[in-house]
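Structure record follows, encoded as structure tokens.
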Amino acid sequence: MGMKKRVVAAIMCIAFAISGCGSLAGRHNIDSGFAYIESRDYENALSSFEAASEKGEDECLIHRGKGIINLRTGNYQGAVDELLASLAADEGIVDDMDFDTNYYLAESYYRLGDYSKAKEVYDAIIALRSKDSNAYYLRGVCELAASGHDSAYSDFTKAITLNSRDYQMIILIYKSLAHYGYEEEARNILQTTMENGSSFMTNYEKGQIAYYLGNNAEAQSFLEAARSERDQEKEPVVLMLGQTGEKQGDYNYAISVYKTYLSENPASAIVFNQLGMCQIKQGDYDGAVSSFEAGLNVDDKGVNQALRLNEITAYEYKGEFSTAQSLMTSYLQDYPEDSAAIRENIFLSTR
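Numbers -25 to -1, 1 to 326, taken from mature numbering (1 follows the signal peptide of the UniProt record, and there is no 0), label the letters of the sequence shown in order.
In structure tokens:
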């Protein structure tokens, strides 16, 4: 069926990335490539897929892997081209991996600003999976971006109806509506969710919704309870709990939350980053630099770019412009597409 309208789910696990195309034999380099993607080492991932191509490994998976790398590194047109090539190379039956690839494809179109193309992909997914709440939600995001509020709201409502206990999705719907100026409508969705689902929610979920509703004291209460729960993943709770303090300008509280967590979990680059940003706001630029450097020592490739840019900012606030300039030069060698950093580099060069 032409490109077989192969459709998709972004952020389904990487396991799908190594199933569904071709045989299981002769995929050593492909498997390495997806392992590198999972660890956010995109340079080595790309090298692995190039080696896979030279060895004649599965073209469907090679294109898929390259498409994901392009998407994650901001080359959205390259992602579209590779993902379309992956779908074209797969002649098997439509399976979970095809849906996954299509989700990545739709996201690539969305990042390009081609909301119509993205919507077409979600249309195809929904045609085959009429109860896929994620596809309705994401199609709604595209429609909202294209100024189609009514159709977007209809899709959001459908998504919630299909999965009324997916509180993370509901929070994302709130954020989308609020971003485009429909704050009251967005708050009503959260308020209704809290009223109807409080008996089903975890303390973390209640804390998140209370936070976005502006009920900071209530949010802190729920999040503090969540922080003490044995089975609750602590990092997202700590980040949200700290933000309840930041939102009120209580950076001492936020810093205490972050430092307490880091004393027991020193391998959390994202919490070091948040700590450093709080220290900047308090004027503790030396402390901020130390926090960003500690975060960089963790070497979390998903957070390193933010840490490096924030470290440069801290040195600027310290008045150490030559150090900031040196770090910026190195940063732009690794992230040459960061236009905001390029503009900042022009400023630094005049200091």
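C-beta atoms are modelled at their ideal positions from N, C-alpha and C, and glycine is treated no differently.
Here Arg283 is buried. Its C-beta has 16 or more other C-beta atoms within 10 Å. Around the Cβ of His38, a 10 Å sphere holds 16 or more other Cβ atoms; the residue is buried. Under the 8 Å Cβ criterion, the stretch 172 to 185 counts as touching the stretch 131 to 150, having at least three qualifying pairs. Within the same chain, Ser126 and Ala127 come within 6 Å of Glu118 by CB-CB distance, once the 5 residues on both sides are set aside. Beta-carbon to beta-carbon, Leu214 and Glu199 are separated by about 14 Å, too far to satisfy the 8 Å threshold. Excluding sequence positions up to five before and after Asn279, its CB lies within less than 7 Å of the CB of Leu271, all in the same chain and listed in chain order. Taking the Cα positions, Ala26 is about 46 Å away from Thr177.
Beyond the five residues adjoining it in sequence on each side, Glu57 comes within less than 7 Å, by CB distance, of His38, Lys41, Gly42 and Asn45 in the same chain, given in chain order. Secondary structure at Pro241: coil, using DSSP grouped into helix, strand and coil. For the stretch 61 to 105, not one full-length beta strand (DSSP E) segment reaches 3 residues or more. Distance from the CA of Tyr84 to the CA of Phe9, rounded to the nearest whole angstrom, comes to 22 Å.
Out of Asp206, Gly189, Thr136 and Arg205, the CA that lies nearest to the CA of Glu159 is found in Gly189. Glu239 counts as exposed, since fewer than 16 other beta carbons sit within 10 angstroms of its beta carbon. The DSSP-derived three-state label of Ala121 is coil.
In this structure, Gly115 is the residue among Gly115, Gln254 and Phe267 with its C-alpha nearest to the C-alpha of Ser151.
DSSP, reduced to helix, strand and coil, places Asp261 within a helical segment of the structure shown. With respect to Asn320, Gln300 sits close: the two C-beta atoms are nearer than 9 Å. Selection Asp33, Tyr149 and Asp89 evaluated against Ala63 yields Asp33 as nearest (Cα-Cα).
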